[in-house]
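These notes are about the structure you will find just below.
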Amino acid sequence: MDPATTTVLIIGGTGAIAFYMAWNIGSNDVANSMATAVGAKAITFKQAVIIAGVLNLVGAVFVGSHVTDTVRKGIISTSGIDNHVLLLGFIASLLAAAIWVTLSTWKEMPISTTHSVVGALIGFGLIAGGTSTVIWGKVGSVAASWVLSPVAGCILAFIVFKIIVKTIFVKDKPVAAAKIVGPIIFGFTAFLIVSSLFLKTSLSKNYGFSDIDGLSIAIVVAIIVTLIGIVLLRKIQAKSSEDYATVEGIFRKLQVGTSCYVAFAHGANDVANAIAPVASIIPLARGEGIGATIGIPYWLLALGGVGIAVGCMTWGRRVMKTVGGRITSLTNTRGFSVDFGAATTVLIASKLGMPISTSHTVVGAVIGVGLARGLEAVDLSVVRKIVVSWLLTLPIAAGTSITIFLILRGVFG
Amino acid sequence: MKKKGHIRSPVADTFRRKSPFGQLLKHMEKVRECIDLLGDGLIRYYKGDYKGFSDITKKVSEIEHEADLIKSNIRNHLPSTIFMPVDKGKFMTTLQEQDKILNHAENLAFMLDMRHTKIPKKLREVFIEHAKLVIKTVGAMEDSVGNIKDLVETSFVKREREQTKEFIYKVHRLEWEADRKKIEMTQGIYKLEKKLDPMDVYHLLKIADWVDDIADHAENVVDWLRAMMAR
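Just so you know, the sequences run in chain order A and B.
In case it helps, my numbering puts the first sequence at residues 4 to 416.
In case it helps, my numbering puts the second sequence at residues 191 to 421.
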C-alpha cells in the first residue's frame, strides 16, 4: 500500500470511530444535559435536537480548543514516543473509550465520555512509555476537577435558586418581580456566553479583538438582551396575587435561553475532549508530528456536530422521552437554576482547559437546588453510582486501551 | 433489551417518578371524599334516617383501602438516600396521622351501622352541631395540607409559611370548639341516663368519642405539618 492510501484509510477509519463517538455523545450525553429543559417542558424534543446540534458545534469550534489541547497534550507527554506508536495509541484510546461508553450505555452506568477518554489515554501512555510518560500532575488536577465540578455546579445552582426565591417568590407581587429579575438574569447569561466567545478564543484572535473589546461587546449584547426580555415580558399579567404559575411561565421562556447555554457549554467541553484524540491522529497520519500549532480541522468538528445531531435524532428521542418523562416534578424556575449553574461551571472549566463531565455537573446542580429546599425529592443513590462508575472508568478504559493498542501494534507494528 | 431501553441517565435518576408531596395530596383527596360522604351520612343518621347507611359504610371502607394503597406506595418508594425539603420522618408521621382519620372514619361507620342507635330528641341538635364542627375541622386541615403546594413551589418563603400557619390556627380553634361541644354532648347524655336504655347510653358515649377522635387526628396532622415546615 502506498503512503497516501494508508493516510486516507487511517483518516477515514478514525473519522468513522469519531463519528461513532459523536453519535454516543448525541444519543446520551446531550440528552442528559438537556434533560432539565425537556423535563420542565421548556423546549420540545425537536427544538432540543436543533439547539443541541447547532450550539454544540458552535461551542466546540470556538471555545473547545483549550479542552482539546489539554486532552491531546496534557495527559501524556508525547515527546519520547515514536510517531507511529503515537498514531496507533490514539486510535486505540479513541476506540477503547467509545467501546466503554457503549458498554456503559448498555449497562446503564452513569459514566462520562470525558472520563473514558482520559482513562484510555492514561492506559496507552503507561504501556507506550511507562509511568513517566503520564503527566501525573495534570492528571491529578483533571481528577480533582471531576470532584470539584459537581460541587461548583451545586453551589452555583443553589445561589441562583436562592436569588430567584429572594427576589421573586418572597415579594408581594411575584409576577411583577419576575418580569424585572428574569430579563436581568437573562442578560447576565448572554454576557457569559458572549464573553466566553470573545475572550482568548480563535474568534477573537482572527478578528483582532482585545479582552476589553470582548467584554464591551458582551456588555452591550447583555443590555440589548435584557431590554428585549423586558419588552417581550411586558404584556404578561398576574392572574392573582400568588400566581406562581405565571412566574413559572416566564421562566419557561427564559429556559429556552439557558438550554442553549447548556448546549453551548456542553459543546465546549464534552465534544471537544472526545474529538481530541482524532485531532491528534490526523496530523500524525500525514506525518506532521504532534505540533503545538496545529488547529483542529473544522471539517472534523463539523463531523462531530453532525454525529451529535444524528445521535440525538436516532437514539436521543428515547433517552429524552425517558429523561423528560421521569422528571415531571421539575418546574421551570428549578430547571433554570440547574441549567444556569451547570452551564456556567462547564463553561468556566472549558476556559481553564479542564475536561469535565456535563452530566455529572448537572447532577451536582440538581442537588444544589434540592439543598435550597427547591425540589420535592432528590434521590442521592445516583451520586454513589457516579462515584463508583468513575472509579471504575479509569482502570477499565485504561485496560481496554492497552489491549487494543497491543493488538494494533501486533498487526501493524 | 430491557424496558428502560438502556440509557445512562444520571440526571433523570435523581428524580423520583412520583413526587411525595403530590402523593400526600392525593391521599388527602381520599380523606376529603371519605369525610364528605360520612359527614352527610352521619347527620342523616343523627336525624334517624338510616336509609343507605350500609352503602355509605361500604364506600367508606373502600376509600380507606384505596388511601392505604397510596400510603404504602409512598412509604415503600421513599429510599433511604432520599433528599427532601422537609424532614422525612415528620413527613411520614403527617401522612400516618392523615391516614388515621380514615381508619377512625371506617371504624365509626361500621360501629354505627352495626347498631342503629336512636339519638334522643333533646340531644339531636348538639350532636349535629358537633358533627358539623368536626367536618369543618377536617376541611380546615385539608386547606392547610393543600397549601403545601405553594410552600414547595416558593421553597417555603415566609408569606406562604404564615398563610399555612393561619390555616393551622383555624384547625386548632375548630378542634377546640368541637371539644367543647363534645363536653356538652356528654353532659346531656348523663342527664338523660335514667331515662335511657344503658346500651343506648353506652353507644351514645361511644359515638361522641369516636366522632371527636376524627377532629383530634386532624389536629395532629396540622401539628406535624407545622413541625415539618419548620424543618
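Where is the CB? At the ideal position from N, CA and C, for every residue including glycine.
| Check | Outcome |
| --- | --- |
| Helix, strand or coil for residue 173(A)? Go by DSSP, reduced to three states. | coil |
| Taking contact to mean at least 3 C-beta pairs separated by less than 8 Å, is the stretch 318 to 333 of chain A in contact with the stretch 48 to 68 of chain A? | yes |
| By DSSP, does residue 66(A) sit in helix, in strand, or in coil? | coil |
| Rounding to the nearest angstrom, what Cα-Cα distance links residue 373(A) and residue 409(B) in this structure? | 29 Å |
| Quick one: measure Cβ to Cβ for residue 416(B) and residue 358(B), integer angstroms, because I've assumed they're closer than 8 Å. | 6 Å |
| Is there contact here, the stretch 327 to 334 of chain A with the stretch 79 to 92 of chain A, by at least three beta-carbon pairs under 8 Å? | no |
| Would you verify that the beta carbon of residue 260(B) is, or is not, closer than 8 Å to some beta carbon of chain A? | no |
| I'd like to know if residue 247(A) contacts chain B, where contact means its C-beta is closer than 8 Å to some C-beta of that chain. | yes |
| Quick check on this structure: which residue in 244(B), 285(B), 250(B) and 274(B) has the alpha carbon closest to the alpha carbon of residue 181(B)? | Residue coverage of chain B in this structure runs from 191 to 421, which leaves residue 181(B) outside it and unanswerable. |
| Apart from the five residues on each side of it in sequence, which residues of its chain come closer than 8 Å, Cβ to Cβ, to residue 300(B)? | 247 and 251 |
| Kindly list the residues whose CB is nearer than 7 Å to the CB of residue 412(A), restricted to its own chain and excluding five residues on each side of it in sequence; keep chain order. | 91 |
| On the CB-based measure, 16 or more other CB atoms within 10 Å of its CB, does residue 15(A) come out buried or exposed? | exposed |
| Residue 368(A) and residue 156(A) - do their beta-carbons sit closer together than 8 Å? | yes |
| Could you list which residues in chain B have their beta carbon closer than 8 Å to that of residue 363(A), in chain order? | 200 |
| Quick one: which residues of the stretch 112 to 126 of chain A get their C-beta closer than 8 Å to a C-beta of chain B? List them in chain order. | 112, 113 and 114 |
| For residue 75(A), is the classification buried or exposed, using 16 other Cβ atoms within 10 angstroms of its Cβ as the cut-off for buried? | buried |
| Please look up how many angstroms separate the CB atoms of residue 159(A) and residue 377(A), rounded, as I've assumed it's under 8 Å. | 14 Å between Cβ atoms; not a contact. |
| Below 9 Å on C-beta distance, what does residue 348(B) contact in chain A? | 173 |
| Just the chain B side, please: which residues come within less than 9 Å of residue 373(A) by C-beta, in chain order? | 204, 273, 274 and 275 |
| Flag this pair as touching only if the stretch 277 to 284 of chain A and the stretch 20 to 40 of chain A have three or more C-beta atom pairs under 8 Å; answer yes or no. | yes |
| Can you tell me where the alpha helix (DSSP H) holding residue 153(A) begins and where it ends? | 139 to 167 |
| Where does residue 381(A) fall in DSSP's three states? | strand |
| On the three-pair Cβ rule with 8 Å, is the stretch 180 to 194 of chain A touching the stretch 225 to 240 of chain A? | yes |
| So, are the CB atoms of residue 306(B) and residue 401(B) less than 8 Å apart? | no |
| If residue 273(A) and residue 116(A) are in contact, beta carbons under 8 Å, what's the gap, nearest whole angstrom? | 6 Å |
| Under a Cβ-count criterion, where at least 16 other Cβ atoms within 10 Å of its own Cβ denotes burial, should residue 197(B) be classed as buried or exposed? | buried |
| Any idea what DSSP makes of residue 79(A), helix, strand or coil? | strand |
| Please report the distance separating the alpha-carbon of residue 86(A) from that of residue 250(A). | 59 Å |
| Under 7 Å Cβ to Cβ from residue 18(A), same chain only, skipping five residues before and after it: list those, please. | 306 |
| Would you be able to state if there are at least three C-beta pairs under 8 Å between the stretch 343 to 362 of chain B and the stretch 163 to 175 of chain A? | yes |
| List, in chain order, every chain A residue whose beta-carbon is nearer than 7 Å to that of residue 211(B). | 379 |
| Counting pairs of beta carbons, one from the stretch 142 to 155 of chain A and one from the stretch 347 to 362 of chain A, are three or more of them closer than 8 Å? | yes |
| Give a yes or no on whether the minimum CB-CB distance between residue 329(A) and chain B is below 8 Å. | yes |
| Leaving out the 5 sequence neighbours to the left and right, which residues in its chain are closer than 7 Å to residue 414(B) when beta-carbon positions are compared? | 280, 283, 284 and 287 |
| Determine the contact status of residue 236(B) and residue 318(B), defining contact as a CB-CB distance below 8 Å. | yes |
| Would you please verify whether the beta carbon of residue 333(B) is less than 8 Å from any beta carbon of chain A? | no |
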